[in-house]
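Protein chains in written order, with this note's numbering: chain A, 395 to 540; chain B, 395 to 540; chain C, 1218 to 1691; chain D, 1218 to 1691.
For each residue, glycine too, the CB sits at the ideal point set by N, CA and C.
Since we're looking at a predicted model, the values are computed, not measured.
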Amino acid sequence: MDKMQVVLGVIGSDCHAVGNKILDRFFSDNGYSVTNLGVMVSQDEFIDAAIETGAEAILVSSLYGHAEIDCEGFRERCIERGLDPIVLYIGGNLVVGKNDRAIVEKQFLDMGFDRVFVPPNTELIDQAEILQEDILKNRDLSTRAI
Amino acid sequence: MDKMQVVLGVIGSDCHAVGNKILDRFFSDNGYSVTNLGVMVSQDEFIDAAIETGAEAILVSSLYGHAEIDCEGFRERCIERGLDPIVLYIGGNLVVGKNDRAIVEKQFLDMGFDRVFVPPNTELIDQAEILQEDILKNRDLSTRAI
Amino acid sequence: MDKDIFEKERQQVLQSWPTGKDVDFNEAVDFHQNLPSEKVFSKQLQKALDSGTILLQPRAGVALVDEHIRLLSFLEDYADLLPTTIDAYTRQNRYEDAQKGIERSTQAQRSLLNGFPAVNHGVSACRKIIESLDKPVEVRHGTPDARLLAEISLAGGFTSYEGGGISYNIPYTKSVPLERSIRDWQYVDALVGKYEEQGCSINREPFGPLSGTLVPPCISNAIAVIEGILALEQGVKSLTLGYGQAGNLIQDIAAIRALKESATTYFGQFGYTDYQLSTVFHQWMGGFPENEAQAFSVISWGGVVAVMSGATKVIVKTPHEAMGIPTKEANRDGLLTTRQSIRMVSDLKPLALKDIDLEQEIIKEETKALIDSVISLGQGDLAKGAVLAFKAGFLDVPFAPSQNNVGKVLPIRDNNGAVRLFDTGNMPLSDDIKTYHRDRIAERAAYERREASFQMVIDDIYAISKGKLVGRPK
Amino acid sequence: MDKDIFEKERQQVLQSWPTGKDVDFNEAVDFHQNLPSEKVFSKQLQKALDSGTILLQPRAGVALVDEHIRLLSFLEDYADLLPTTIDAYTRQNRYEDAQKGIERSTQAQRSLLNGFPAVNHGVSACRKIIESLDKPVEVRHGTPDARLLAEISLAGGFTSYEGGGISYNIPYTKSVPLERSIRDWQYVDALVGKYEEQGCSINREPFGPLSGTLVPPCISNAIAVIEGILALEQGVKSLTLGYGQAGNLIQDIAAIRALKESATTYFGQFGYTDYQLSTVFHQWMGGFPENEAQAFSVISWGGVVAVMSGATKVIVKTPHEAMGIPTKEANRDGLLTTRQSIRMVSDLKPLALKDIDLEQEIIKEETKALIDSVISLGQGDLAKGAVLAFKAGFLDVPFAPSQNNVGKVLPIRDNNGAVRLFDTGNMPLSDDIKTYHRDRIAERAAYERREASFQMVIDDIYAISKGKLVGRPK
Ligand code: B12
Ligand code: B12
């Protein structure tokens, strides 16, 4: 079976590079073909890369607190540009300040992300399997839709 | 004017001696004649000493958390033994645990103490003046009562 | 202690409160022998000694058995060694008052006692504690006559017992005669020896910090060594000698190093070779800052210095220290902070500083002067010597409440924050040493442009709680 | 920088966003000249340098002016120096996005920006900040093109400005060419020089910690010294060079000592004598533990090491670090913990350890190799040399996002926790030095019975946040 294609990057004006390098390594080591856009990636750059590589998931990081603004309309934009279905994950320190994890999770789920990883829920353990399941679920859906 | 007589001590089975030594010094330096009973003083020992020295105030410390039990009925006992009026102060870490200061204060005021000094309200600043006022108020009361 | 006398006395002790009758020595030996090594104090200490790591232990105790077990089960995940801190009534053998405390606590649904009343709860309650936990548990208290408490808690399966005839008298009581508490602690040590004879290892820990307030290291080290010998004399085999952080890094490291060396020297001099020696570093035992963020700093610095000193275990404070007995969460937080500090510095090499060596030599010399004076006063009988030394003020603990204590010695910090002797009282120190202390304090006085005085002592007492080490003016 | 070119460029800069037009240099000079010395950064630094004390500074910035003033007024009681941390849109000159952030924050009644958008708010808002406070305020950011921000904030009365052409490019951007950011920072330094010519003292602080993640001291020290010289060249007079805590006590102390010495040597070599040099120690800049009790330990240890290193100021973290921008209370708590730590160790004598001296010599030698390579690449032109050095990988910052950065260098901790070079990349270090690093890492690998590898690097990255310094297995 071919490796699943995913796009990885840090959204907006965010320069936090360390977690990104580790995520790249983690997903690559766990069976994915990772296109890593690095830091400071715009919505359209994510989408361009996903289209180009035929990615089935976009893994967004945001550490610096501006994810609320940077991610506005991301899911809609994906659909608009024909990425539907596509798995959308986001992780990091999404909003400004120390906030209740459940509230933040809900906020980003409502924005259309499939999964939200905020501390203390950011340790990399079984994300690779979960991602596989989510991608397979999407494939299944697409097949049925056809 | 003669120095006002006060009795000082740490109530119950409490062995905390450091604050007691400092209180002795503080009130002595600030114009009082202090009878210091040291640590591990029972209610009756306080009262005996107050009667013996003609003290107008009893300054109770309790650091170890058992003041609720040790001070039960202290005011009543004073009255019973003829110490009326007498200024009753208490200070220290009165109950077990870190508690809301206001609640603890009220609890000991209700038990008949005239003033309650619990952290963060234990720094020695104007306690000497306050005590003088309270003693004078009592004298005033006694005079009027006559 | 003579065996017959001891056994006779045992019968009286066990009858002094109803729960005493449940003590069955042989059955207790069985229980101890079947304890897995994870639950045996001395075995965990040995592992730490062998690997050069440091073990964390909190203080904790509440009035009711199930509550107490819940508390320790919660703390077990964060600590290496567990405590059972005994309430202050039990410490004074006031079991009726303790009973009142238990009843009131049951009613109020919160602990009105500042510790666990082990005597009132009895042997089976102690067993329940030991059985509910996977780590070794120590009895921590402050009891001048701790004979019944020892009988019950050791039969209950505790594998370590804190205290000593001096260290649980001078800071903890007002009028208990020293001869009596030393005698009663010989009983405790003999009881431990009796267990040791049966192959049940019970660790003993003299209480190092004493009044917890500006205690010069030589005083606490001398008393620790003396109590160590008194324990060895009765058959104790596993000893943990303690020291309370004084605040100056150099002095604190030197003190623990000196403590080990002085102990080894004197234990040898008294003919003991077959014992296990470990050390315990107590995080700052004096008045704490009320602010929790500041308290965290004091705690974590204590963790750092504990590691640097090379102690075998560290007793951990909590961010609630200045305010009251900690909640279990505050207790956990103290452990977490300490663990983080410890693990951040434990890979450092031991500090090879001349200043530490110098300080260590001074402490050892002073300690020797004190111990030798006790030996000579007692004409070889250390128990007798200790009593006479306190009478004479040769041993003298600052700020202690006991009437056995002359109370002439006054400490003041020097300009680097080390605790020095402002007034050496009657302690038999050499003129050189006295001059050394005087000079160090004079240096500070000059720097602060004021005379050394009792006000300076008071300033030093408050200093840490006011956010600094040295109580400087302004 | 040529004065005419500078002045011409100024006109463009000031027109790049509407608020630029409010900058009036002469009026600003007046304002600065009338600032009381308590509000002037370099004067407070001088006091600290003279008295050997250390100053505390937090990070803080929110979207709205009044909120921001409330925040700083609150922190003022606990800090010695104040910050104004700029939001990440402003740092990228995305003033429209910043404007959106301001509007959204006004609606939401909470800050949706991670800092204070000073350009959008303009000169008079900055003045309001300075006038509302009694302590000096610095602009802290991460802006590769910080010309307009400098114009507005300095005219607004700020007396210190963080950043540099390298240190605000390599860790903070992806694709801004290094020649451009260095050039734009020459402008900033020239602007500061222009103020200095009028007798207005503006402190400049290159950003020491870079990526904040296992940066070997020689790399950050070399860049700090180079940015220092670049600033002096443009007329800057007050310089604070920075270093981010790496975690090993010995190495951290050595790094700050080495930084001072390397700077003094090279500043002299480049002919500068008339400047004020201070140092700043950043508490741990890498990933923090999420647990606040553990975070307190990291913070307070940072305070301790800051003092021991002899730095002039310390930048303070907060117990919220791992989670998000701190509340004002969390920020205060970080300051309180740090202050307590500092005041508990500040009376200690500087540690006289051979290991520190050795480490210091190594760092200086490595730093010299790096700086000399820059000088020789640039044939005396440091700006040019730095650009070429990054291209060649002679300068290389671990974990930096910038495309200017070769990114071959990989650090790993040694067995004592000091940061060593696992891969020296293209850095022109001597064979002796390379061997030294290799040996230290081999020592650890042997101890851990595993090969040094990228996994070890990852383990070290996570270590502090997982409660330890060295990322050992298990
Ligand atoms: C040093 C110390 C000890 C030493 C005491 C040595 C000695 N003999 O003095 C030792 C180690 C022996 C000890 C033992 C115990 N301690 Co203790 N100890 C402390 C500690 C750390 C400092 C006390 C101190 O000396 N402070 C400095 C002096 C100057 O301050 P102070 O005592 O508070 O007194 C001042 C004020 O309170 C005020 N004040 C006091 N009384 C009055 C009265 C009036 C009228 C006024 C105006 C003011 C006033 O003025 C005083 C002078 O400034 C405190 C915690 C803390 N504060 O940080 C715990 C603390 C008091 N101890 C405590 C406990 C529980 C005990 C023990 C029972 C052991 C245990 N279970 O942990 C035993 C006591 C046994 C017994 N029989 O009493 C608890 C009390 C808990 C509670 N109330 O909820 C505390 C708060 C620690 C804690 N958080 O658990 N302790
Ligand atoms: C190092 C660091 C920096 C360095 C970054 C260097 C670099 N270029 O990488 C420097 C000093 C330059 C920096 C700058 C800034 N930083 Co910063 N920084 C940190 C710090 C201390 C560590 C980040 C880190 O590297 N962690 C280690 C890595 C391994 O963990 P990670 O980044 O969290 O990533 C992991 C997880 O989040 C998760 N994850 C992340 N994304 C995703 C996605 C998916 C799909 C999954 C499954 C998992 C996942 O997996 C990753 C790998 O384990 C954090 C605080 C902290 N965490 O302790 C602040 C922090 C992230 N920074 C912060 C801020 C605000 C900034 C600044 C804006 C300055 C400021 N105002 O303070 C600037 C950013 C400017 C910009 N343009 O972006 C804030 C964010 C605040 C918020 N969200 O409320 C933080 C939280 C600090 C704080 N509490 O204020 N920072």
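* Taking only beta carbons into account, state which residues of the region 1242 to 1272 of chain C come closer than 7 Å to chain D, listed in chain order. => none
* Asked: Candidates D:Ile1470, D:Ser1495, D:Ile1542 and D:Pro1506: which alpha carbon is nearest Gly1520 of chain D's?
  -> Against the fourth sequence, residue 1520 of chain D aligns to sequence position 303. The candidate whose alpha carbon is nearest that of Gly1520 of chain D is D:Ile1470.
* **Paired residues, beta bridge with Met1673 of chain C - DSSP** => Here residue 1673 of chain C refers to the residue found at position 456 when the third sequence is read from its first residue. Met1673 of chain C is not bridged by DSSP to any residue.
* Determine the DSSP secondary structure at Val1168 of chain C, reduced to helix, strand or coil. => Summary: the structure shown does not reach residue 1168 of chain C, with chain C confined to residues 1218 through 1691, and so no result is reported for it.
* Asked: Nearest chain D C-beta to Ile1467 of chain C closer than 9 Å, yes or no?
  -> Here residue 1467 of chain C is taken as the residue at index 250 of the third sequence, counted from 1. Taking Cβ atoms only, chain D reaches closer than 9 Å to Ile1467 of chain C, which makes this a yes.
* Asked: Where does Arg475 of chain B fall in DSSP's three states?
  -> In the second sequence, the residue the question calls residue 475 of chain B occupies position 81. Coil, per DSSP.
* To do: Just the C-alpha distance for Ile1473 of chain D and Ala1663 of chain D, rounded to the nearest angstrom, thanks.
  => Position 256 of the fourth sequence, counted from the first residue, corresponds to residue 1473 of chain D. Position 446 of the fourth sequence, counted from the first residue, corresponds to residue 1663 of chain D. For Ile1473 of chain D and Ala1663 of chain D, the distance between alpha carbons rounds to 30 Å.
* To do: Ignoring anything shorter than 3 residues or poking outside the region 1278 to 1323 of chain C, list the beta strand (DSSP E) runs there in chain order.
  => Runs of the beta strand (DSSP E) lying entirely within the region 1278 to 1323 of chain C, each at least 3 residues long, are 1299 to 1302 in chain order.
* To do: With a threshold of 16 other CB atoms inside 10 Å of the CB of Leu1288 of chain D, please say whether the residue is buried or exposed.
  => Reading the fourth sequence from its first residue, position 71 is the one you call residue 1288 of chain D. If you draw a 10 Å sphere on the C-beta of Leu1288 of chain D, you find 16 or more other C-beta atoms in it, and that means buried.
* Asked: Just to confirm, are Ile1516 of chain C and Met1561 of chain D a CB contact at a threshold of 9 Å?
  -> Translated into positions along the third sequence, residue 1516 of chain C becomes position 299. Translated into positions along the fourth sequence, residue 1561 of chain D becomes position 344. No, they are not a contact pair.
* To do: Could you work out which residues of chain D lie near Arg1556 of chain C, taking near to mean beta carbons separated by less than 7 Å?
  => Stepping through the third sequence from its first residue, residue 1556 of chain C is reached at position 339. Identification of chain D residues near Arg1556 of chain C by a Cβ-Cβ cut-off of 7 Å yields Gly1684, ordered along the chain.
* C-alpha gap between Phe1484 of chain C and Tyr1653 of chain C, whole angstroms -> Residue mapping note: residue 1484 of chain C aligns to position 267 of the third sequence, counting from 1. Residue mapping note: residue 1653 of chain C aligns to position 436 of the third sequence, counting from 1. Taking the straight line from one Cα to the other gives about 28 Å.
* Asked: Cβ of Asp504 of chain B less than 9 Å from any chain C Cβ?
  -> Locating residue 504 of chain B in the second sequence gives position 110, where the first residue counts as 1. No, no contact with chain C.
* Evaluate Arg1666 of chain D with the Cβ neighbour count: other Cβ atoms within 10 Å of its Cβ, from every protein chain shown; 16 or more gives buried, anything less gives exposed. => As a position in the fourth sequence, residue 1666 of chain D is number 449, starting the count at 1. The Cβ neighbour count for Arg1666 of chain D, taken over all protein chains shown within 10 Å, is under 16; the residue is labelled exposed.
* Asked: Quick one: does Arg1308 of chain C have its CB under 9 Å from some CB of chain B?
  -> Counting from 1 along the third sequence, the entry for residue 1308 of chain C is found at position 91. Chain B, which has a Cβ nearer than 9 Å to the Cβ of Arg1308 of chain C, makes this yes.
* **Cβ contact (3+ pairs, closer than 8 Å) linking the region 1348 to 1363 of chain C and the region 1294 to 1307 of chain C** => yes
* To do: For Arg419 of chain A, decide whether its Cβ has a neighbour in chain D, counting only Cβ atoms nearer than 9 Å.
  => Indexing the first sequence from 1 puts residue 419 of chain A at position 25. It does: the Cβ of Arg419 of chain A has a partner Cβ on chain D nearer than 9 Å.
* To do: Can you grab the Cα-Cα spacing for the pair Val490 of chain A / Asp1314 of chain D, in whole Å?
  => Position 96 of the first sequence holds residue 490 of chain A. Position 97 of the fourth sequence holds residue 1314 of chain D. Each residue's Cα considered, the two are about 16 Å apart.
* Asked: Ends of the beta strand (DSSP E) at Val400 of chain B?
  -> For the purposes of this step, residue 400 of chain B is identified with residue 6 of the second sequence, where counting begins at 1. It spans Met398 to Val404 - the beta strand (DSSP E) in which Val400 of chain B sits, taken as one unbroken run.
* Asked: By how many angstroms is the C-alpha of Tyr426 of chain B removed from the C-alpha of Met398 of chain B?
  -> Taking the second sequence and counting its residues from 1, the one referred to as residue 398 of chain B is at position 4. Taking the second sequence and counting its residues from 1, the one referred to as residue 426 of chain B is at position 32. Distance between the alpha carbons of Met398 of chain B and Tyr426 of chain B: 5 Å.
* Do Ser1268 of chain D and ligand 2 come close, with the Cβ less than 8 Å from some heavy atom? -> Within the fourth sequence, numbered from 1, the residue matching residue 1268 of chain D stands at position 51. No; taking the cut-off as 8 Å, the Cβ of Ser1268 of chain D has no heavy atom of ligand 2 nearer than that.
* **Partners in chain C for Gly403 of chain B, counting only beta-carbon separations shorter than 8 Å** => Taking the second sequence and counting its residues from 1, one reaches residue 403 of chain B at position 9. Those within 8 Å of Gly403 of chain B in chain C number zero; the least Cβ separation is about 10 Å.
* To do: Measure from the C-beta of Asn414 of chain B to each C-beta in chain C and report whether the shortest distance is under 9 Å.
  => Residue 414 of chain B sits at position 20 when you count from the first residue of the second sequence. True, the Cβ-Cβ gap to chain C drops below 9 Å.
* Asked: Per DSSP, what kind of secondary structure is Glu1255 of chain D in: helix, strand or coil?
  -> Within the fourth sequence, residue 1255 of chain D is the residue found at index 38, counting from 1. Glu1255 of chain D falls in the helix class under three-state DSSP.
* Taking all protein chains shown into account, do 16 or more other C-beta atoms lie within 10 angstroms of the C-beta of Ile1440 of chain D, making it buried, or fewer, making it exposed? -> In the fourth sequence, the residue the question calls residue 1440 of chain D occupies position 223. Classification of Ile1440 of chain D: buried, given that the 10 Å Cβ count is 16 or more.
* Asked: Which same chain residues, not among the five before or five after Leu1605 of chain C, have their C-beta less than 6 Å away from its C-beta?
  -> Position 388 of the third sequence, counting from 1, holds the residue named residue 1605 of chain C. Counting only Cβ-Cβ distances below 6 Å, and skipping sequence neighbours, we find Leu1594.
* Could you have a look at Ala1475 of chain C and say whether DSSP puts it in helix, strand or coil? => By one-based count along the third sequence, residue 1475 of chain C stands at place 258. Three-state result, Ala1475 of chain C: helix.
* Asked: Is the number of C-beta pairs between the region 1496 to 1506 of chain C and the region 1530 to 1544 of chain D that are closer than 8 Å three or more?
  -> no
* Complete beta strand (DSSP E) runs within the region 419 to 449 of chain B (minimum length 3 residues, chain order) -> 426 to 430
* Any non-hydrogen atom of ligand 2 within 8 Å of Met1502 of chain D CB -> Here residue 1502 of chain D refers to the residue found at position 285 of the fourth sequence. Met1502 of chain D: yes, Cβ under 8 Å from ligand 2.
* Can you have a look at Leu1466 of chain C and say buried or exposed, based on whether 16 or more other CB atoms are within 10 angstroms of its CB? => Taking the third sequence and counting its residues from 1, the one referred to as residue 1466 of chain C is at position 249. Buried.
* To do: Would you kindly check if the distance between the Cβ of Pro1388 of chain D and the Cβ of Pro1618 of chain D is under 9 Å?
  => Mapped onto the fourth sequence, residue 1618 of chain D falls at position 401. Mapped onto the fourth sequence, residue 1388 of chain D falls at position 171. Yes, these two residues count as a Cβ contact at 9 Å.
* Asked: Unbroken beta strand (DSSP E) runs of length 3 or more, entirely within the region 1452 to 1524 of chain D: which are they?
  -> 1455 to 1461 and 1493 to 1499
* To do: Examine ligand 1 and report whether any of its heavy atoms sits within less than 8 Å of the Cβ of Gly1318 of chain C.
  => Within the third sequence, residue 1318 of chain C is the residue found at index 101, counting from 1. Answer for Gly1318 of chain C: no, Cβ out of range of ligand 1.
* Asked: How would you list, in chain order, the residues of chain A whose beta-carbon sits under 7 Å from the beta-carbon of Thr1430 of chain D?
  -> Residue mapping note: residue 1430 of chain D aligns to position 213 of the fourth sequence, counting from 1. The contacting residues are Val412.
* To do: Verify the contact flag: Ala1617 of chain C, CB atom, against every heavy atom of ligand 1, threshold strictly below 8 Å.
  => The residue labelled residue 1617 of chain C in the question sits at position 400 within the third sequence. Checking the Cβ of Ala1617 of chain C against ligand 1 gives yes.
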